[in-house]
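Below is one structure, written out as structure tokens; the observations come after it.
In structure tokens form, the structure reads like this:
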């Protein structure tokens, strides 16, 4: 199931809220949340929910094993088992096709590989359980003794299918005892509605424009302007889609008494690539930092090699294709260059130039990210830099921009921390003024976002047929 | 106080939020459901049927999502809100806009692959139903009118022309074949600044140059252009009006040596306002404001109209309405897109016409009924009989292809037009075929007349061969065929064939040999 669906919003969520809050019993609530999470997951993947339960159970046992035999060979066995198992299923489902393809291409063989659909969220939950077991091994957290609670941690539907990668250590206290505060729930609702709006009213519309240009059957005839527009729209789509999803996850968490860490912090206002990755998909960046980069020796030993390994892996995590690896390495190179130049010298450059540099680099990066077909990628780059024989601009692009100009302004403005600023202002005024209008406007705001999003979701099913036949 | 107040509003927030969710959920079950959306012209998703397989592959639960979206309470109102949100998203130029959506170009064939298109692939008529507007690249809204942007190319013309040439070579040259390429709105109403690339009339003219000589092309665009200020095309629908088709009819009569009925000899019926297909697709405010009226020019001739249900039976069917009562839009003409219809008029001139058309032909057909004894109407998208059988068995004298440029530049349509010719549909009709033109055959071809065939050798003394002398026997696969004559001219062979038919060998047919081997 996905958040941006009417079934989730109007049936699943209210039912979940009512059943969850109708009893005070903590075990009951954990049970309800776990049950609903399984249903949520099974909605799209009726089969793979068993894999989720199976793999989480193995990690649960390994956690207990490691803690019991701390410092012995058994603990080592436990951690190796978890790593091999989790990375094994991740490789099997996500990367086996890619490896077969490359082996076949390299050696001219024609091995057939079994085709499996990729279980949803596998990249997220394997990382979550790995971080848990590693933390137990390091002695940073205590192993969870209740299977139900552990299942709840892994399967929590808020973040199960699209992140953020919630670390056990971040919410371990809340897994055991949650405090419910009404203002938290209220804030969670607002956060959820904002996320929903970002996904439905911005990302989905950007997606239509992306498809129109970048999926055009005749890509090589697009003008340079259209190609840039398509790639910029993809930058909008991916940011609002992903950060909207994280907002909804965080909002849902708060509705049910959890506090997840932030996953995005206005990445498009970053000044350097290093800065960008501290703001973009934070939970993934910190995961690779804490569980790959630093254990390998960080920047102390083989710093640059480690850097490239980490960025290659980061790229590969996003998808089993070479373009994702290139995309990761592209950021690796930028970050290495920034280190060579040193932060001190970078800071001497005017801020606006840095921002232009970063946006340029990120948007190009998204072009790399978008085209899994490398020949199309080449066509795209040739057009972006106008080295192909294409027009600079097309009249229809002017019309498209004009028709979406207010929407585009809204999208661009939401990329900079204007909303954050307004919320802070709003809270300050609320503290001073005890105004009814202000209170109500806060409620009206989230309901309005909810209703607009609902309309857009209903509208998606609007699909007229031109001929008079059924 | 502030903290308490904050608590109160936060609770209120929670209450309002859950109330909205629950209210919609309750309304979903309470509000009566409809099965068909009038607005969209389609069946709404029904509640899925449960099966383990459906559940396992996820389609059961996906269908539930579709069901919920299709039956959401007050769905039409929500769709209106979407229009408003989308309209507020930018500046809608009062004059012009380009809209591209997957709805417009359902079929996008990569033009570079056109050289290797297999025209013999028979398109499923149901799949074609979704091909919609064919080669449209997008839609422009100009001055309240929806104008599809043409995306055809000369490569398509070659494919299309080859199919019409196939028709030509199949039938005797006494049967007239006409090609009427129809340009749509863009040809007459697109502002010059925005015209780029191939125009529809250029594409049609190019197609005509590729057609074999006995095919008569009817060029209508210049003539219709003279009437550009009249109501010849709908604003919100992708079709022409019947007035637009009337001018095409006049041009047709000129070429076909017929006398067109003057415009003042029609009865006019005003059916009121409607919003057409292009509005339904775009829901654009400008189209809605401009709107359309249905003004029908009714013919005065006496005629009978039959909707033929069986493509193999050319006379049996149920009565139909030329101007369908219950439809106040373009769909009223000849009752919409039916696969096969027959009109018999009070005209006696021994001319019988077959119209092979898509929806653009609907408005044209009533005009044509005034000048032919019989008009057969085939919608090539849905017809699954054989044009060949029809033409041969019903002594058809004229075949008209009124085809919009958008369709003649769409591979699935071209394939479909080819596939309904079906020469080999029934053996019998094959055998009484009119002879083809001799130039179809290679030099040195010998024509003989086959008068009977058998699985076993037939003895000379047999009853079957009793009156025939000078026959020859030929072993063809598992059959023995018996032939008379030996000539290099197909016309002589045809004479001989007719003699054999007169002699009682009704199934006699011409066979072609090259170097002693049967080639056809």
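Residue numbers (our numbering), protein chains in the order written: chain A, 12 to 481; chain B, 10 to 529. Where a beta carbon is used, it is the ideal one built from N, C-alpha and C, also for glycine.
Taking only beta-carbon positions, decide if residue 18 (chain B) is within less than 8 angstroms of chain A. yes
For residue 92 (chain B), name the three-state secondary structure that DSSP assigns. helix
Give a yes or no on whether 8 angstroms exceeds the smallest Cβ distance from residue 386 (chain B) to chain A. no
Chain-order list of residues whose beta-carbon lies under 6 angstroms from that of residue 322 (chain A) (same chain, five-residue window excluded): 339, 340, 342, 343
Against chain B, does residue 117 (chain A) count as a neighbour if the rule is that its beta carbon must be under 8 angstroms from one of theirs? Not a single CB atom of chain B sits nearer than 8 angstroms to the CB of residue 117 (chain A).
Please name the residues in the segment 24–58 of chain A whose beta-carbon is closer than 9 angstroms to at least one beta-carbon of chain B, in chain order. So the close ones are 24, 25, 26, 28, 29, 53, 54, 55, 56, 57, 58.
Ordered along the chain, which non-local residues of its own chain (more than five positions away) have a Cβ less than 7 angstroms from that of residue 568 (chain A)? The structure shown does not extend to residue 568 (chain A), since chain A spans only 12 to 481, so no value can be given for it.
Run the CB neighbour count on residue 451 (chain B), radius 10 Å, all protein chains shown included, and call it buried at 16 or more, exposed below. exposed
Strictly below 7 angstroms CB to CB, what residues from chain A border residue 27 (chain B)? Annotation: Cβ neighbours of residue 27 (chain B) in chain A (cutoff 7 angstroms, chain order): 25, 28.
For residue 14 (chain A), would you say it is in contact with chain B, using Cβ-to-Cβ distances shorter than 8 angstroms as the test? no
Go ahead and label residue 229 (chain A) buried or exposed: buried means 16 or more other beta carbons lie within 10 angstroms of its beta carbon, across all protein chains shown. exposed
Could you tell me which chain C residues have their CB closer than 8 angstroms to the CB of residue 87 (chain B), listed as they occur along the chain? The chain labelled as chain C is not found among the protein chains of the depicted structure, namely A and B.
Which residues bound the beta strand (DSSP E) around residue 157 (chain B)? Residues 154–159.
C-alpha distance - residue 88 (chain B) paired with residue 51 (chain A), whole-angstrom precision: 27 angstroms
When you compare the CB of residue 240 (chain A) with every CB in chain B, is at least one pair closer than 8 angstroms? Not one beta carbon of chain B lies nearer than 8 angstroms to the beta carbon of residue 240 (chain A).
Under the DSSP definition of a beta bridge, which residues are partnered with residue 328 (chain B)? Partner(s): B:315.
Among B:304, B:212, B:324, the one whose alpha carbon lies nearest that of residue 160 (chain B): B:212
Roughly how many angstroms separate the alpha carbons of residue 417 (chain B) and residue 342 (chain B), rounded to a whole number? 22 angstroms
Would you mind working out which of B:236, B:525, B:520, B:334 sits nearest residue 462 (chain B), comparing C-alpha positions? B:520
Return no unless some Cβ of chain A is closer than 8 angstroms to the Cβ of residue 180 (chain B). no
Judging by CA-CA distance, which residue of A:459, A:193, A:236 is the nearest neighbour of residue 404 (chain A)? A:236
Simplified DSSP assignment, three categories, for residue 139 (chain B): The predicted position of residue 139 (chain B) is uncertain, since its pLDDT is 35 and thus under 50; no value can be drawn from it.
Across the segment 157–165 of chain A and the segment 314–321 of chain A, are there enough close Cβ pairs to call them in contact, namely three or more that are closer than 8 angstroms? As far as the Cβ criterion goes, the segment 157–165 of chain A does not touch the segment 314–321 of chain A, which means the pair count is below three.
Decide yes or no for the touch test of the segment 242–254 of chain B against the segment 299–307 of chain B: beta carbon pairs closer than 8 angstroms, at least 3 of them. yes
Alpha-carbon to alpha-carbon, residue 118 (chain A) and residue 334 (chain A): 21 angstroms
Identify each residue in the segment 52–66 of chain B for which the Cβ-Cβ distance to at least one residue of chain A is less than 7 angstroms, and report them in chain order. Hits within the stretch, in order: 52, 64, 65.
For residue 230 (chain B), list the residues DSSP reports as bridge partners. Partner(s): none; residue 230 (chain B) has no beta bridge.
From this set, A:83, A:121, A:207, A:70, which residue's C-alpha is nearest residue 96 (chain A)'s C-alpha? A:70
From residue 310 (chain B) to residue 380 (chain B), what does the alpha carbon distance come to, in whole angstroms? 10 angstroms
Inter-residue spacing [alpha-carbon to alpha-carbon] between residue 381 (chain A) and residue 262 (chain B): 56 angstroms
Against chain A, does residue 21 (chain B) count as a neighbour if the rule is that its beta carbon must be under 8 angstroms from one of theirs? yes
Find out if the Cβ-Cβ distance for the pair residue 229 (chain B), residue 191 (chain B) is shorter than 8 angstroms. yes
Compare the C-alpha of residue 70 (chain B) against each of A:18, A:123, A:99 and name the closest. A:18
Check for me: the beta strand (DSSP E) holding residue 351 (chain B) runs from which residue to which? First-last of the beta strand (DSSP E) with residue 351 (chain B): 349–354.
Under the three-state DSSP convention, the category residue 538 (chain B) falls into: Residue 538 (chain B) lies beyond the stretch modelled for chain B, which goes from 10 to 529, so this question has no answer here.
Measuring only the C-alpha atoms, how far is residue 448 (chain A) from residue 14 (chain B)? 13 angstroms
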